[in-house]
Amino acid sequence: MASVAQQGGRVSTSPGGSRPDSVTDVIIVGAGPVGLCTAVLLSAFGVDRILVVERHSAAYPLPRAVHLDAEVFRILQSAGVASAFRRISRPASGLCLVDRALNVFAQFDRTVDDDAGIPEANMFDQPELERLLRDRVDRMPNIVLAEGIEFLGASETEDWVRVEVRNRATGARESHQGAYLVGADGAASRVREVIGAAMIDRGFRQRWLVVDVDISGAVDTWDGVDQVFDGDRPGTYMRVIGDRHRWEFRLWPGETSADFSSVRELRALIAPWLPDVRDEEISIVRCAEYEFHARVADRWRLGRTFLTGDAAHLTPPFIGQGLGSGLRDAANLSWKLASVLRTGSARILATYEDERRPHSTAMIRRAVLIGVAMTNTASFGRLLREAILPRAHRLPGVGQLASSAATPRLRRSALVRTRFAGRLRGRLASPQIFDNASTTGYGLMIGAAGRPFILVRPDGVIAVAARTPSGFFRRLRRYARVAHGARVAHSSTPDGPGRWVAEAERLLSTPVHRVPAVATSSPEPTHQHPPQCAPVRTRTRAAGSATRKEDHHVSEECARRRPQ
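Positions 1 to 564 (my numbering) are the ones given, in order, by the sequence shown.
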């Protein structure tokens, strides 16, 4: 056999063949939220042995991601950390598109609690989420988290993949053998380099200042997010949780984060939100420069190796879907790997990239469109700011571009047939279905409005939907052949709910949980309501301070009273 080693930043091949130091089912490179969540989900889906290697010796302490939507909250449910996440997060009220004077020209409200009790938007501090996931890993004896271990390279045969690593403290090298390798090692992924994947640029690259501050005084802002559409100084504001607030501003040529490293220097940018807050009440937690990109890997898999999270895609943060996309990768891939390890049928693994790459690309396009509208001084950017977005509710689909509450259905794969756009298959189950379904396996809902028979995949996606028992089991047999390699003899349609569940378990060769029907709700996915017309309260910059104007109608299209 040949082992792949990393030398001088380049991948090279050297002879090998010694016995590996450990044998496991899945090896994960990277212990950020995506890698940790993948490990926890694999364990929840029944994988026996999981190894996570992380080059750093401790979790990264500074804040990064701050938003997750309701879909991703349900992934945390599957990982068993939803209750703990509620304690470290808060619901956000929505998104306001504002001009430089904070006049609102479009607003996208989010429900604080949907019908399943899950907020559509959740604000949190990423180090706290990582702590929850690490605590979860610590309680799972089948997961080994090896910190201070650097991934060097990998090679594979038809039956396994072999990973070479180095202990950064001692310099000692080890090799580990697993059935599959998952690269969750971030934007500078070495796993991506090993499989020969390249990041394809989607045409967006900007330098931005990201500032996190703690404020001890009272702050008169709302609980949602402001996106400042201003060609001269576009920006974003949000209260994260507790006293933590975040601002992001575009940097222009010649500017660096050092220009805004003190409260006095930063005040000129954040003053419109803080008219009554004194400098001594502001403490800078982080002031850093980031380069926002829109990129997608041209290959997410090679043989037994897969890419997830930032290793597979990078998105500008304008709709708050960077980490969410990575956790969706974890949910999609983990149950499929668990299924293959259980049944031996690997056909399902091709559907990971088929489903996730188009979905993440669509979310990146949405983020780029918002970013262009916020920052572009050319005619197209002005058209978006001044004409299209204020009238978003009149244009089908455009209003949802600023709302992460609505994400696209999965594209066609061997598991998802999308011949008719109105079909449920490929959509995430509605809150009512998902909240009642098993979070670690298949769920069968009988008696739902519109589609009395619905099978929900372990990742919450609707796999099969039909109006009659015969139609349901005809489609389920096909799905079982593709998803699990099932070769079952045709049988007559069973009679009665108990036998329906038993037949579904026979076809899928795994437990299926009966999901209580929600008689008052349709299983169709819910979408963000368009902005409505109403008075708005705005703030206007005047000589370095803020003055309030009551009941000002910013446009005939959109005006909602801004929460105070």
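Idealized CB from N, CA, C, for every residue including glycine.
> From the beta carbon of isoleucine 195, is the nearest beta carbon of chain D less than 9 Å away?
Replying inline: Of the protein chains in the structure, only one exists, and it is not chain D.
> Is the beta carbon of isoleucine 149 sitting closer than 9 Å to the one on glutamate 174?
Replying inline: Taking 9 Å as the Cβ cut-off, isoleucine 149 and glutamate 174 qualify as a contacting pair.
> What runs of the alpha helix (DSSP H), each 4 residues or longer, lie entirely inside the region 325-384?
Replying inline: Listed in chain order, the alpha helix (DSSP H) runs fully inside the region 325-384 are 350-375, 379-383, counting runs of at least 4 residues.
> Quick one, which of Leu444, Arg110, Val296 has its alpha-carbon nearest serine 325's?
Replying inline: Val296
>> Assuming the contact rule is C-beta atoms closer than 8 Å, aspartate 459 and asparagine 332 should be a hit. Round their C-beta distance to whole Å, please.
In response: 5 Å
> Could you give the residue range of the beta strand (DSSP E) that holds tryptophan 160?
Replying inline: Premise fails: tryptophan 160 is in no beta strand (DSSP E) and is neither H nor E.
> In its own chain, which residues sit with a C-beta less than 7 Å from the C-beta of alanine 169, not counting the 5 before and 5 after it?
Replying inline: Gly148
> With C-beta atoms as the reference, is alanine 92 less than 9 Å away from valine 225?
Replying inline: yes
> Do valine 182 and leucine 36 come within 9 Å of each other at the CB atom, strictly closer than that value?
Replying inline: no
> Which residue comes first and which comes last in the alpha helix (DSSP H) that contains tyrosine 479?
Replying inline: Note, tyrosine 479: alpha helix (DSSP H), 469-484.
> If you follow the alpha helix (DSSP H) that isoleucine 270 is part of, which residue opens it and which one closes it?
Replying inline: 263-270
> Which of the three DSSP states, helix, strand or coil, is assigned to glycine 35?
Replying inline: helix
> Hey, how far is the Cα of threonine 573 from the Cα of glycine 309?
Replying inline: Because the chain is modelled from 1 through 564, residue 573 falls outside the range shown and cannot be assessed.
> Below 9 Å between beta carbons: does that hold for arginine 329 and serine 413?
Replying inline: This sequence places aspartate at residue 329; arginine is not what is there. The answer is no: Cβ separation not under 9 Å.
>> What residue range does the alpha helix (DSSP H) around serine 83 cover?
In response: 82-87
>> Quick check: what's the CA-CA separation for glycine 235 versus arginine 304?
In response: 42 Å
> Taking only runs of the beta strand (DSSP E) that begin and end inside the region 42-112, which ones reach a length of at least 3 residues, in chain order?
Replying inline: 50-54, 67-69, 89-91, 94-98, 104-109
>> Could you check whether valine 53 and alanine 338 sit closer than 9 Å to each other, using their CB atoms as the reference points?
In response: no
> Can you tell me whether serine 43 is buried or exposed, with buried defined as 16 or more other CB within 10 angstroms of its CB?
Replying inline: buried
> Closest by CA to leucine 51, which one among Asn103, Val144, Gln107, Ala106?
Replying inline: Val144
>> If I measure Cβ to Cβ from leucine 76 and keep anything under 6 Å in the same chain, skipping five residues before and after, which residues do I get?
In response: Ala82, Phe85
> If you drop the 5 nearest sequence neighbours on each side, which residues of the same chain put their C-beta closer than 6 Å to that of aspartate 471?
Replying inline: The question names aspartate, but residue 471 in the sequence shown is glycine. Closer than 6 Å at the Cβ level, and outside the excluded window around glycine 471, lies no residue.
>> Between which residues of its own chain and valine 208 is the CB-CB distance below 7 Å, once the five residues before and five after are set aside?
In response: Rather than valine, the amino acid found at residue 208 in this sequence is tryptophan. Cβ neighbours of tryptophan 208 beyond the five flanking positions: Glu248, Phe249, Arg250, Leu251, Tyr290, Phe292.
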